[in-house]
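In the working numbering, the protein residues as written are 961 to 1212. Idealized CB from N, CA, C, for every residue including glycine. Structure, as structure tokens:
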Amino acid sequence: MITPDSLSFLKKLLDTPGPSGFESAPAKVWRERAREFATVTADVAGNSMAEVNPDGRPTIMLAGHIDEIGVIITYIDDEGYAYIAGIGGWDTQVLTGQRLRILGRNGDVFGVVGKKPIHLIKVEEREKAAKMTELWVDLGVTSKQEAEHLVSVGDAAVIDSRTLEFPNGRIVSRSIDDRIGAFVVLEALRRYAENPGKARVVAVATTQEEIGFRGGGATVCASGINPQMALVVDVTFATDHPGVEKKEIGEA
């Protein structure tokens, strides 16, 4: 069973924004927790490592990626609307109407994702999913100059949502993929630290998985740690909801 302390840490980890390439804030939360029971380091790729029993053998690496999907501002027009591209894979239908939390240079800025109203779209086009280039972010301003006081091209953003607890012990979060993996490997290390065995165990929170960056993340960690065994914790699609054929997708 998860303890209240661990649940509090999990919720903080889930709610801290950190899309691929911008993981420093959730990584800091992870490392602060890890310092309570492990030796903590980080590398230039942003990966965080927590180690217990450094002189033990064999070496076991436990990995979960800490980045989440997000968006990045690519253009600001004369009316102050910001245009975005995806960081990681998106279903654009999910974005329409969402509030965004933009990681601006002077602090967080909030906006709303919009698109052309369905009433103004031709009937034959209404059932098609909007492209990312057809979406914009309303920042509540009326000019490019006003917008650029708040945000810049290159600023990243995530959906502005908080972890939701269901009454049956389940949770909902925008960043379950894969903060839950980063949480699980650190929780496993915490429990191992209470009664360590012979092995050297290193938990790692890796970066940039959502964009498939081969030069960072788990590859860099494995090269530096040189484990004899590695266990990677990640998520997959749920198959316990309507519209899914388990014979095709599998059961999860």
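- With contacts defined by Cβ atoms closer than 8 Å, W990 and A1142 form a contacting pair.
- In this structure, V1073 sits near Q1058, with a CB-CB distance shorter than 8 Å.
- Distance from the Cα of P979 is smallest, within the candidate group I1029, R993, M1021, for I1029.
- For the pair L973 and P986, the CB atoms are nearer than the 8 Å cut-off.
- Assignment of beta-bridge partners to G1074 by DSSP yields W1096.
- Per DSSP, reduced to three states, the secondary structure at R1134 is coil, with no helix or strand assignment.
- Annotation: the segment 974-1057 contains the following complete segments of the alpha helix (DSSP H) (minimum length 4 residues), in chain order: 984-994, 1052-1055.
- Inside the segment 1135-1188, DSSP marks whole alpha helix (DSSP H) runs of 4 or more residues at positions 1136-1154, 1177-1185, from first to last along the chain.
- Sixteen is the threshold: since fewer than 16 other Cβ atoms of the shown chains lie within 10 Å of the Cβ of E1085, the residue is exposed.
- DSSP places I1062 in the strand class (E or B) of the three-state scheme.
- In this structure R1130 is exposed. Its beta-carbon is surrounded by fewer than 16 other beta-carbon atoms within 10 angstroms.
- DSSP lists no beta-bridge partner residue for A1089.
- Under DSSP, V1118 forms a beta bridge with R1061.
- The Cβ atoms of E1211 and T1199 lie closer than 8 Å to each other.
- When the beta-carbon positions are compared, V1097 and Y1152 stay at least 8 Å from each other.
- Contact holds between the segment 1158-1171 and the segment 995-1006, because three or more Cβ pairs, one in each stretch, are under 8 Å apart.
- Closest option to Q1168, judged by alpha-carbon separation, among R993, A1005, L967, F969: A1005.
- The C-beta of T1093 has fewer than 16 other C-beta atoms within 10 Å across all chains shown, which makes the residue exposed.
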